[in-house]
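Protein chains in written order, with numbering that gives the first Met the number 0: chain C, 0 to 678; chain B, 0 to 310.
Quick notes on the structure that follows.
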Amino acid sequence: MPKTVSNKLKPEHEIVLRALELANTTYNRVVNHSEVIAALSLSSEDVRRLECSYENNLRHAVSKILAQLIVRKFVFSAGTIGHWKYYGTETSLAHDNRFLPNLNSRRGFVLELVHRTVTSYKRPVRIGEILDLAAEDPATNQLEPKLITQSVMSLKETGELAVISSTLRKDNKGTNYYLPSTLDPKDFTSLQPLTWLEQVAQAFNELWQQEVTAAMSAGRRPKPITTGAVRARLLASPQPHKNMKESQPIVSAMISLSQSRNPLVRKIKRNGERASLWAPINVPNDDLDVSDAYASDSERVVEAVRRATERLDTPVSIRDVQSEIGLDSELQPINSATLHSLLSDISRSRSDKDRRKKCFYRVGTIDGRTYYCFSSKDVPGGRFYVRFHRIRSAWLRSSAARHSSTIETWEASSILIGRALLMQDEARTTATRLFKLLVDRHGNSELRTTAEELLATATAIEKRVEDWLNENKSQRSKCPPEVSTSIPTLTTSRLKEILAPLYPRAQDSNNINQLVSLLAPAIRRVPNPRFKYRFSREPKHAAEHLFDRADALIYAAKKWGGRECCFQGMIAGSQLGYLRDVRFVLPVLRASEQFEKRLIGVACLAFLQTSEAADYLKTVAMRDESAAVRQAALWACGFSNVEGVAELIQQLRSNDPNTQVRDFAQSVINAERASWWLL
Amino acid sequence: MDSNFFVPKPTTLKVVETPLLREAINRSLSVHSLGALIVWFGAGRVGKTTTAQYLIRILQKRVEDQQEASFRGAHYTAGKITKGSGNEWKQAIRGLYSAVFGSQMDQGFYVRNTPEELARHTVYGLRRLNVQLVIVDEAARLSIEAIQAISLIRDVAYESGWTLTIIFVGKDDLPRLMTKVEHVHKRVLEWCFFKEYSFADTWDLLAELHPYFAELDASKAQHVEIVQAVHELSAGLPGLMVPLLHQLDYRLKNHSGLIDAKFIRAVHLLTQKAMADSLKQSEGPYKPFRQTQKPPRTNKSEKQTVSTKSA
Numbered sequence: 000m001p002k003t004v005s006n007k008l009k010p011e012h013e014i015v016l017r018a019l020e021l022a023n024t025t026y027n028r029v030v031n032h033s034e035v036i037a038a039l040s041l042s043s044e045d046v047r048r049l050e051c052s053y054e055n056n057l058r059h060a061v062s063k064i065l066a067q068l069i070v071r072k073f074v075f076s077a078g079t080i081g082h083w084k085y086y087g088t089e090t091s092l093a094h095d096n097r098f099l100p101n102l103n104s105r106r107g108f109v110l111e112l113v114h115r116t117v118t119s120y121k122r123p124v125r126i127g128e129i130l131d132l133a134a135e136d137p138a139t140n141q142l143e144p145k146l147i148t149q150s151v152m153s154l155k156e157t158g159e160l161a162v163i164s165s166t167l168r169k170d171n172k173g174t175n176y177y178l179p180s181t182l183d184p185k186d187f188t189s190l191q192p193l194t195w196l197e198q199v200a201q202a203f204n205e206l207w208q209q210e211v212t213a214a215m216s217a218g219r220r221p222k223p224i225t226t227g228a229v230r231a232r233l234l235a236s237p238q239p240h241k242n243m244k245e246s247q248p249i250v251s252a253m254i255s256l257s258q259s260r261n262p263l264v265r266k267i268k269r270n271g272e273r274a275s276l277w278a279p280i281n282v283p284n285d286d287l288d289v290s291d292a293y294a295s296d297s298e299r300v301v302e303a304v305r306r307a308t309e310r311l312d313t314p315v316s317i318r319d320v321q322s323e324i325g326l327d328s329e330l331q332p333i334n335s336a337t338l339h340s341l342l343s344d345i346s347r348s349r350s351d352k353d354r355r356k357k358c359f360y361r362v363g364t365i366d367g368r369t370y371y372c373f374s375s376k377d378v379p380g381g382r383f384y385v386r387f388h389r390i391r392s393a394w395l396r397s398s399a400a401r402h403s404s405t406i407e408t409w410e411a412s413s414i415l416i417g418r419a420l421l422m423q424d425e426a427r428t429t430a431t432r433l434f435k436l437l438v439d440r441h442g443n444s445e446l447r448t449t450a451e452e453l454l455a456t457a458t459a460i461e462k463r464v465e466d467w468l469n470e471n472k473s474q475r476s477k478c479p480p481e482v483s484t485s486i487p488t489l490t491t492s493r494l495k496e497i498l499a500p501l502y503p504r505a506q507d508s509n510n511i512n513q514l515v516s517l518l519a520p521a522i523r524r525v526p527n528p529r530f531k532y533r534f535s536r537e538p539k540h541a542a543e544h545l546f547d548r549a550d551a552l553i554y555a556a557k558k559w560g561g562r563e564c565c566f567q568g569m570i571a572g573s574q575l576g577y578l579r580d581v582r583f584v585l586p587v588l589r590a591s592e593q594f595e596k597r598l599i600g601v602a603c604l605a606f607l608q609t610s611e612a613a614d615y616l617k618t619v620a621m622r623d624e625s626a627a628v629r630q631a632a633l634w635a636c637g638f639s640n641v642e643g644v645a646e647l648i649q650q651l652r653s654n655d656p657n658t659q660v661r662d663f664a665q666s667v668i669n670a671e672r673a674s675w676w677l678l
Numbered sequence: 000m001d002s003n004f005f006v007p008k009p010t011t012l013k014v015v016e017t018p019l020l021r022e023a024i025n026r027s028l029s030v031h032s033l034g035a036l037i038v039w040f041g042a043g044r045v046g047k048t049t050t051a052q053y054l055i056r057i058l059q060k061r062v063e064d065q066q067e068a069s070f071r072g073a074h075y076t077a078g079k080i081t082k083g084s085g086n087e088w089k090q091a092i093r094g095l096y097s098a099v100f101g102s103q104m105d106q107g108f109y110v111r112n113t114p115e116e117l118a119r120h121t122v123y124g125l126r127r128l129n130v131q132l133v134i135v136d137e138a139a140r141l142s143i144e145a146i147q148a149i150s151l152i153r154d155v156a157y158e159s160g161w162t163l164t165i166i167f168v169g170k171d172d173l174p175r176l177m178t179k180v181e182h183v184h185k186r187v188l189e190w191c192f193f194k195e196y197s198f199a200d201t202w203d204l205l206a207e208l209h210p211y212f213a214e215l216d217a218s219k220a221q222h223v224e225i226v227q228a229v230h231e232l233s234a235g236l237p238g239l240m241v242p243l244l245h246q247l248d249y250r251l252k253n254h255s256g257l258i259d260a261k262f263i264r265a266v267h268l269l270t271q272k273a274m275a276d277s278l279k280q281s282e283g284p285y286k287p288f289r290q291t292q293k294p295p296r297t298n299k300s301e302k303q304t305v306s307t308k309s310a
């Protein structure tokens, strides 16, 4: 125990002693020499005197003086904490207060801070996370972040902190993960990826493991993983990373994983393919199956088209491609683009050498369905195929193909003469088109044979019709020499207007296309000769096909018409066939013709609805000798909305000799346009 | 070349109004106003179809002459509608519709609607065409369901105030068919049985049909024999008499001898024999031609001669 000051001290020593006592009293504990200097600094005069007395700086001088005071037992040392020695005096400290304080060094503080951070995160932590926690803690928020970082580095160097893992991502969170050495890393292993790259790497590894397992069970080599597959995997996680909102980060992540100092994956290069495949770094190409791997939906579709064309040996449509996809699930596109749009886009992409070299070619449409062929050398043959099937399709829809089988049983009338001429024209046109097609040297032998057979059929039908016409020369001479093939048509919107009072779906359908799909199978549609392009503002130029007006009216009459309407519709439908030339109907209205033929003529004119027909109908309604025919003609005039029908009704109501006709006229005197359908 | 072939000149159809024909028509028309079902029954070739077609022409003539209360008729031959062949009612109605109006009933309309609606539509058409009589020929081909369907047309017409008479013409088991169901049987208001001609009817018919027979004298035994031969060979069926006369015309082209009963029988026999030979040939099994044949047998004496020569 030091004695009280009995010996004289140097004035400088006394200054330091006094400062020590002051610090002890202030802190109520032993203090280190920095704290002594802080107490000393309260008197600038003392500081000046010490600085003048010693050459060394104040800190060094105070330290020396305190050492000497310890020797002279004026001061005692309680011990050291870290690098700091703690001093005290017996006069200023009580007996039980002369021990070292429970103080930690900065390193100790930081080590404790790391412990708390690890406990909070339950895993190794990065410097940024330590600093975040330090800022929140009142005990440590006085420490500067720079000092904390230095302490962490220092602790790492001394082995008190272990570096568990590191990340390539550089942000203010740091790159390394630290764990106090006293803790077992196994107890603090993170179950989840800690960074974006780790998530991507984890997804890739999981996919690879699955692929290896599947390959082993299938007895094949594993296939590389596509970027799309990794993306799909990440998207499927319960909480997808925010980077999944865009597609580029995943690509960048895969590139980063392949180009880091310790790459995890490598890129599989394929000639002519833009999309990338990935494999683990340690798996060589010889251990991979690259042949059937598809990196994108485009590749899948191209392969599907190739297989379909190979299997069918013809150009293929979307249905054929879909069938092919159905045979191999690997070909199923995985993204949201429709197969239709994929086919359309790929067939348009062309010869940029850096882009896809494999693609297919559009060769044309048949009945609205587009066909493709795989190889450029197959394009001429494909176009031959499309041309032939267009001709064939048109032939099958023609009256020559449908109605010619019974021509020999027809009893000649002008209407049937007209139909025969129409069939002859169709057969001749088809034969001409086929002949021109066959001049082309393309097309495989089977297709050419089919075309030749069709040509023979068309030619035979033309001959048969010609023979029948020759047998009925006398009747034919009363008819026009040629038949007109123009067809009065209706646009879909116009048809909708006509059908709206009768067909509930036409009333509800806001979508014109829906109406087309409902009615197109039942009502004949013909190519629009004025078609320009689909988005033309003029409806007449926008529709590729139009409804045959007469066929539409006959269909509606048979389906929704009243008795008279249905009756005449059936007669007209049965007799007219596809004949639309009214000149062949007019002869049957002559008075010399049989009653049944005149009735047929009236029914046909009712649905042809030409201006010429209107005049004839009015004449027949007034003058035919048969009451039944007059009544039918009156109905036809009303149905066709002939000009002057009101006057005609009045006349017949008053002057017709037949009661039935007068009664009918009376019943329709105020008939509205739509009500003629219901009679 | 044409001179080697007997090509007859076209002749107009001549219908002889026999008493049987008149009787059948008059009896049928007598119940027409009741909207009747009528049955004409008789053996084949007895003249039922000829009578039916003649009736239609009479009615048509009346319409063309614009006679009072005139109406049209329609005649058609029914196709086979067997039991269990689908919706027999609809098939029968559609068959009548197509035959009467000369137009096919729309398939969609046919499928979509009930037999009653098809019948109503048919009656509407019949009214529009002023058809009040329909003759269904070969009605025995129809099933009982089909007959009921045609009867339905008559019923619908009756309900709508339209007089419609339907005559079922046929042979075989038509009478049994028509009496199978009370609903139909009770609506059959007249039955006409077409029986074979008597000798006198045959004489009168032949005289009307062919000038040769018109000149025959009933008091001469030879002439009677000739007519007797025709009557016998045709079994009193006018439908067989007419072809026999045509065959006679053909044979007479190259015959300059006596025309008697024997000649007529010989002409008839030519056809009959051909028929018999055809039947006989068709009864045996088919024997394909042998490609290899066994060598013909030789006499033993020939063998000896050969062997002596060789020795």
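Cβ coordinates follow ideal geometry from the N, Cα and C atoms, glycine included.
For clarity, every value in this text was computed on a predicted model and none was experimentally measured.
query: Using a C-beta to C-beta distance shorter than 7 Å, which residues of chain B count as neighbours of S573/C?; result: S102 and Q103
query: According to a CB-to-CB cut-off of less than 9 Å, which residues of the region 127 to 149 of chain B neighbour chain C?; result: R127, L128 and N129
query: So with Cβ pairs under 7 Å, would you call M422/C a contact of chain B?; result: no
query: What are the residues that DSSP puts in a beta bridge with W190/B?; result: V38/B
query: Which two residues bound the contiguous beta strand (DSSP E) that contains Q131/B?; result: V130 to D136
query: Alpha carbon to alpha carbon, what distance is there between E20/C and N96/C?; result: 13 Å
query: If you scan the region 80 to 118 of chain C from start to end, which runs of the beta strand (DSSP E) of 3 or more residues do you find wholly inside it?; result: 83 to 87
query: Check each candidate in V515/C, F203/C and A457/C and name the one with the smallest Cα separation from R265/C.; result: F203/C
query: Please tell me whether Y196/B has its Cβ less than 7 Å away from any Cβ of chain C.; result: no
query: Taking C-beta pairs closer than 9 Å, name the residues in chain C that H323/B reaches, listed in chain order.; result: No information on residue 323/B is available, as it lies outside the stretch 0 to 310 that chain B covers here.
query: I want to see whether chain B comes within less than 7 Å of M569/C, judged by CB atoms only; does it?; result: yes
query: Going along the chain, which residues of its own chain have a beta-carbon closer than 6 Å to the beta-carbon of V482/C, five neighbours each way excluded?; result: G417, L420, L421 and D580
query: From I126/C to L154/C, what distance separates their C-alpha atoms?; result: 12 Å
query: Excluding sequence positions up to five away, which residues of its chain have a Cβ less than 7 Å from the Cβ of E611/C?; result: V581
query: When you compare only the Cα positions, how much space is there between F638/C and L552/C?; result: 10 Å
query: In terms of residue numbering, what span does the beta strand (DSSP E) encompassing C372/C cover?; result: R368 to C372
query: With distances taken between CB atoms, is the gap from A632/C to A613/C smaller than 7 Å?; result: no
query: Along chain C, which residues have their Cβ under 8 Å away from the Cβ of H120/B?; result: R562, C565 and F566
query: Compare the beta carbon distance of W195/C and P279/C with 7 Å and say whether it is the shorter of the two.; result: no
query: Suppose only complete runs of 3+ residues qualify. What are the beta strand (DSSP E) ranges in the region 242 to 267 of chain C, listed by chain order?; result: 264 to 267
query: Cutting at 8 Å between CB atoms, please list the residues of its own chain near V74/C, excluding the five before and the five after it.; result: P1, L16, L19, L65, L68, Y86, G87 and T88
query: If I measure Cβ to Cβ from Q685/C and keep anything under 7 Å in the same chain, skipping five residues before and after, which residues do I get?; result: Since the first and last residues shown for chain C are 0 and 678, residue 685/C lies out of range.
query: Does the ligand SAH have even one heavy atom less than 6 Å from the beta-carbon of R579/C?; result: Among the components of this structure there are no ligands whatsoever, and the ligand SAH is therefore not found.
query: Locate the alpha helix (DSSP H) running through P538/C, then write down its first and last residues.; result: P538 to A541
query: Would you call the CB atoms of A145/B and A91/B closer than 7 Å?; result: yes
query: Thinking T490/C and V525/C are a contact (beta carbons under 8 Å), I'd like their distance in whole angstroms, please.; result: Incorrect: roughly 12 Å between the Cβ atoms, too far for contact.
query: Could you please tell me which residues of the region 63 to 79 of chain B, in chain order, have their CB closer than 7 Å to any CB of chain C?; result: none
query: Give me whichever residues DSSP pairs with S689/C in a beta bridge.; result: Nothing can be reported for residue 689/C: it is not among the residues displayed for chain C, which extend from 0 to 678.
query: When you compare only the Cα positions, how much space is there between A645/C and H74/B?; result: 39 Å
query: Starting from G124/B, find everything on chain C with Cβ-Cβ shorter than 7 Å and list it in chain order.; result: F566
query: Quick check: the Cα distance between H441/C and G363/C, rounded to an integer number of angstroms?; result: 15 Å
query: Buried or exposed for C358/C, going by 16 or more other Cβ atoms inside 10 Å?; result: buried
query: Please list, in chain order, all residues of the same chain as T307/B whose beta carbon is under 6 Å from its beta carbon, the five residues on each side excluded.; result: Low local confidence applies: a pLDDT of 44 at T307/B is under 50, so the model's placement there is unreliable, with the coordinate-based value given in what follows. Here the set comprises nothing.
query: If you reduce the DSSP assignment to three classes, tell me which class D353/C lands in.; result: A caution first: D353/C carries a pLDDT of 42, below 50, which makes its placement in the model unreliable, though a value can still be read off. Here D353/C sits in coil by DSSP.
query: Are the CB atoms of I80/B and L141/B nearer to each other than 7 Å?; result: yes
query: Hey, quick one: how far does the alpha helix (DSSP H) through H245/B stretch, first residue to last?; result: P237 to L251
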